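Residue numbers (the working numbering): 540 to 948.
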Ligand SMILES: Cc1cc2nc3c(=O)[nH]c(=O)nc-3n(C[C@H](O)[C@H](O)[C@H](O)COP(=O)(O)OP(=O)(O)OC[C@H]3O[C@@H](n4cnc5c(N)ncnc54)[C@H](O)[C@@H]3O)c2cc1C
C-alpha cells in the first residue's frame with residue numbers, strides 16, 4: 540500500500556468504558572427539549588447554530604439511543620422533533636437524521652450476533668463521546684432514478700470508498716457518517732466512519748444553495764478513505780439487510796411526520812394568536828368571526844388526523860422494541876410510517892399555507908415564525924421515501940387479490 544493511501548484511513552476512535560446514564564423521566568425529557576428549543580431560537584436569531592449544537596450535546600436528547608432503556612425511544616424522538624419542527628424544519632431535519640439512524644440502530648430487533656456486538660460498540664461510542672451522526676444513502680441525481688454515486692472495493696479485509704453522495708444533512712456538525720454504499724461484487728453495505736476532520740472525505744457545497752440551509756445538507760465526496768473491515772455494520776443483499784433498511788426507513792418516515800407536523804402545530808398557534816389579537820371591521824377580534832372558527836377548526840381536525848397517524852407510527856416502533864419483529868409486522872409498521880409521512884408532510888404544507896393566508900403579509904415581516912416555516916415546510920413531501928413511490932406501493936397492496944376490507948385499515 541502507498542503511504543499516501545495509509546494516511547487516508549477512516550478508523551473509528553476506541554470505545555471507552557462509560558457509566559450508563561439513568562433514563563430520563565418525562566419531565567426531564569420535556570425540560571431538555573425546552574432547553575434545546577430555546578438554544579435553537581437563539582442560534583437562528585444570530586444565524587449561527589454553533590451554540591445550538593453545543594447546547595444539544597449537553598442534553599441527553601441525541602444520546603437516548605445509547606441508554607440501556609429503549610422503551611418509548613421513538614415517541615421521545617418524535618416529541619423532540621415535533622418541538623424543533625415548530626421553530627425550524629430545516630434545523631430539525633438535521634437532528635432528525637441523527638435521531639433516526641441511531642434510533643433504528645439501537646432498536647433493530649436483530650437475531651444476528653455479529654451485528655448485535657457491532658451496534659453495541661457503535662452506540663457506546665456515540666453515547667460515551669457524545670457524537671453526532673450524519674448519514675447518506677449515496678443517491679445522486681442522474682438520468683436514472685435511484686442512481687448510486689459511491690462504490691467500495693476490498694483492499695485486503697478493509698474497504699476503499701470512492702465517489703460522491705448527493706445528500707448528507709448535518710454534514711459539517713456530525714462527527715460520524717453512516718454510509719450505505721455497494722461493495723464491489725458483494726452488495727449493499729452499511730459503513731461507519733469519522734466525518735469531521737477526515738481529510739479523505741470532502742464535505743462539499745450546500746446541495747440546495749438557497750433553501751433548507753439550516754439542514755446543513757451537502758454533497759460529500761469520498762477520496763478513497765480506507766475504512767477498516769471492523770467499521771462495517773453489515774454487508775449483503777439478503778433478508779437481514781432488507782429488514783435493516785426497511786426498519787431504518789420506518790424510523791425515518793415516522794420521525795419526518797413528527798417534525799413537519801410540529802410546523803403545522805406552530806402555524807395553528809400563530810393563527811390563534813393573530814385572530815385573538817387583531818380586530819375586524821366590527822371592532823371585535825377576528826377570532827369571533829364564524830368563518831374563522833370554521834377555518835381554524837378545519838385546520839385543527841386536519842392536523843389531528845395526521846398527528847394521530849404519526850403517533851400511531853411511533854407507537855408501532857416502540858411496541859417492537861425488545862420483541863421480535865417478523866416480516867409481516869415489519870411490513871405493517873413500514874406501511875404505517877409511510878402513510879404517516881405522506882399525510883404529515885402534505886398536511887403540514889397545507890396548514891402552513893392556509894394559516895399564512897389568514898394572517899396575511901405580516902407573516903413575512905420581522906422575525907415572524909411563519910416566514911421560516913413557509914420556506915422550509917415545502918420539503919416535507921420531498922424527503923424520505925418520495926410520495927410517488929409510497930402511493931404506488933400502497934396502491935399495489937390495495938389492488939392485490941386480498942379484499943380491501945381484510946387489510947384491517
Ligand atoms: C432537505 C433534504 C435533506 C436530505 N438529507 C438526506 C441525508 O442526510 N441523507 C440521505 O441519505 N438522504 C437525504 N435526503 C434524500 C432523501 O433521503 C431522499 O433520497 C430524497 O428526498 C428523494 O427525493 P428525490 O427528489 O431525490 O427522489 P427521486 O428518486 O429523484 O425522485 C424524483 C421524482 O421522480 C418521481 N418518482 C420517484 N420514484 C418514483 C416511483 N417509484 N414511481 C413514480 N415516480 C417516481 C417522483 O415524481 C419524484 O418526486 C434529503 C432530502 C432532502 C429533501
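Positions of the beta carbon are idealized from the N, C-alpha and C atoms, including for glycine.
Note that the coordinates shown come from a computational prediction; the quantities given were computed from them, not determined experimentally.
query	result
Express the C-alpha separation of residue 718 and residue 675 in angstroms, rounding to a whole number.	5 angstroms
Please classify residue 708: is it buried, with 16 or more other beta-carbons within 10 angstroms of its beta-carbon, or exposed?	buried
Could you give the first and the last residue of the continuous alpha helix (DSSP H) run that contains residue 764?	Segment 757-766 is the beta strand (DSSP E) holding residue 764; no alpha helix (DSSP H) there.
Should residue 923 be counted as a contact of ligand 1 given a C-beta to heavy atom distance under 7 angstroms?	yes
Nearest-angstrom Cα distance between residue 625 and residue 910?	12 angstroms
Is it buried or exposed for residue 935, if we count other Cβ within 10 angstroms and need 16 for buried?	exposed
For residue 842 and residue 811, I'd like the C-alpha separation in whole angstroms.	14 angstroms
Do residue 754 and ligand 1 come close, with the Cβ less than 7 angstroms from some heavy atom?	yes
With a cut-off of 8 angstroms on the beta carbons, I'd call residue 876 and residue 839 a contact; round off their distance for me.	Actually they are not in contact, since the Cβ atoms of residue 876 and residue 839 sit about 23 angstroms apart, beyond 8 angstroms.
Might you give, ordered along the chain, the residues of its own chain that have their beta carbon closer than 6 angstroms to the beta carbon of residue 817, omitting 5 neighbours on each side?	825
In whole angstroms, what separates the C-alpha of residue 588 from that of residue 946?	46 angstroms
Could you give the C-beta distance for residue 912 and residue 802, rounded to a whole number, given that I count them as a contact under 8 angstroms?	5 angstroms
Please report the Cβ distance between residue 754 and residue 632, rounded to the nearest whole angstrom; I am assuming they are in contact, meaning their Cβ atoms lie under 8 angstroms.	4 angstroms
From the DSSP output, in three-state form, read off residue 818 for me.	strand
Three or more C-beta pairs closer than 8 angstroms, one from the region 758-777 and one from the region 612-620: is that the case here?	no
Got a sec? Which residues, its chain only, sit under 8 angstroms from residue 785 by beta carbon, not counting five neighbours each side?	869, 870, 873
Could you compute how far the alpha carbon of residue 688 sits from the alpha carbon of residue 652?	31 angstroms
If residue 635 sits next to residue 798, beta carbons under 8 angstroms apart, how far is it from one beta carbon to the other, in whole angstroms?	5 angstroms
Out of 860, 581, 642, 656, point me to the one whose CA is closest to residue 630's CA.	581
Considering just the uninterrupted stretch of the alpha helix (DSSP H) at residue 641, what are its terminal residues?	628-646
Keeping to the same chain, check which residues put their C-beta closer than 8 angstroms to that of residue 645; ignore five residues upstream and five downstream.	604, 605, 609, 612, 658, 662
One question on the structure: do residue 704 and residue 759 come within less than 8 angstroms of each other, judged by their Cβ atoms?	yes
Specify whether the region 571-580 and the region 589-602 touch according to this definition: at least 3 beta carbon pairs, one from each stretch, less than 8 angstroms apart.	yes
So residue 691 and residue 700 are supposed to be a Cβ contact under 8 angstroms. How far apart are they, rounded?	5 angstroms
Taking 7 angstroms as the cut-off, is the CB of residue 685 close to at least one heavy atom of ligand 1?	yes
Output the boundary residues of the beta strand (DSSP E) element that contains residue 716.	715-722
Give the secondary structure of residue 591 by DSSP, where H, G and I count as helix, E and B as strand, and everything else as coil.	helix
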